Structure formats: C-alpha cells, structure tokens
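Visitor: Here it is, the structure in full.
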Amino acid sequence: MKVLLGIGGSDDSIRALEKTAERAANTGDDLTVAIVENPSVERSREDIEEKVAEVLGDVDLDAPVRHLEGDPGSALVDMAENEGFDQLVLGGGQTSPMGKIQIGSIAEFVLLNSHVTVTLVR
2 MKVLLGIGGS DDSIRALEKT AERAANTGDD LTVAIVENPS VERSREDIEE KVAEVLGDVD
62 LDAPVRHLEG DPGSALVDMA ENEGFDQLVL GGGQTSPMGK IQIGSIAEFV LLNSHVTVTL
122 VR
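For the sequence shown, the working numbering puts the final residue at 123, and the numbers step up evenly by one.
Shown next, in the form of structure tokens:
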C-alpha cells in the first residue's frame, strides 16, 4: 500500500509518525512523509525532520521525506490525489472531557476534502 503521512510537528503528528513507521516496517507499506507548516506548533521544520529521521532509523525504514509549501491541508490532499497514494495518515486530535474527538484545522480540511482514504491516529 502506498501511504502518505502528513506531519506538522504536533504531539499527535509525532505519535502518528511513530505508529505509521512501525506499521510500514512490519507490513512493507511504501511510506512517504510530508512535512507541512503548522503555525500552531513551535517545532521548526529542522526539528521535525530530525525527529522523522530518528523514528525511521529506529524501525530501520527508508522513506522519502518531502517538504510541502502553502496551505497544509490543500497541499496534503493535492499530493495524495495527484501522486496516487492509497492512504493519507494524520495525527487525530484529542478527546474532550465529554468523550468527543477534537481535531485540528488541518485534519478537518483533509477529512472533508480528500478523495483518498484518510486515517487518523490517536
């Protein structure tokens, strides 16, 4: 399966990276990591790229890492659809005290606009 993981540096996206990389290493999925701008986090792109390299190294997985420009949701949806990905994976937000999921604006845009299957990792 050809999998695109979008990561913007939030704790949710780091968790999604760890779980998705481990799964790809075990199943042989073709993983591509796309680093996007997320104005709500303080991690720099360089910090995110270092974390990606560390996680991929931990599971002995060689996956391309791409930097996407522009609106993160649109860039992820466009890449997933235009490059034939089977699945788009994102960090999936938090659960509210009432038990409802709260997702960020990037994940919401992707869920509402992607024609590619979207998986939220919590």
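We put the CB at the ideal spot given by N, CA and C, even for glycine.
Note that the structure is a prediction, hence the values are computed from the model and not measured.
Count the other CB atoms within 10 Å of the CB of Asn39; is the residue buried (16 or more) or exposed (fewer)?
Guide: Buried, because 16 or more other Cβ atoms sit within 10 Å of the Cβ of Asn39.
Visitor: Buried or exposed for Met80, going by 16 or more other Cβ atoms inside 10 Å?
Guide: Buried, since its Cβ has 16 or more Cβ neighbours within 10 Å.
Visitor: DSSP three-state call for Ala25: helix, strand or coil?
Guide: Three-state DSSP puts Ala25 in a helix.
Visitor: Beta strand (DSSP E) containing Arg67: first to last residue?
Guide: Here the beta strand (DSSP E) through Arg67 covers Val66 to His68.
Visitor: Does DSSP classify Asp13 as helix, strand or coil?
Guide: DSSP places Asp13 in helix when its eight states are reduced to three.
Visitor: Which two residues bound the contiguous beta strand (DSSP E) that contains Leu77?
Guide: Unbroken run through Leu77 is the alpha helix (DSSP H), Pro73 to Asn83; no beta strand (DSSP E).
Visitor: Could you pull the DSSP bridge partners for Gly7 from this structure?
Guide: Ala35, per the DSSP bridge assignment.
Visitor: In the DSSP assignment, find the unbroken alpha helix (DSSP H) run with Val53 in it and report its ends.
Guide: Unbroken alpha helix (DSSP H) run through Val53: Arg46 to Asp59.
Visitor: Could you spell out where the alpha helix (DSSP H) holding Leu112 opens and where it closes?
Guide: Looking at the DSSP string, the run of the alpha helix (DSSP H) that includes Leu112 is Ser106 to Asn114.
Visitor: Val117 lies in the beta strand (DSSP E); which residues open and close that run?
Guide: Unbroken run through Val117: none, as it is neither H nor E.
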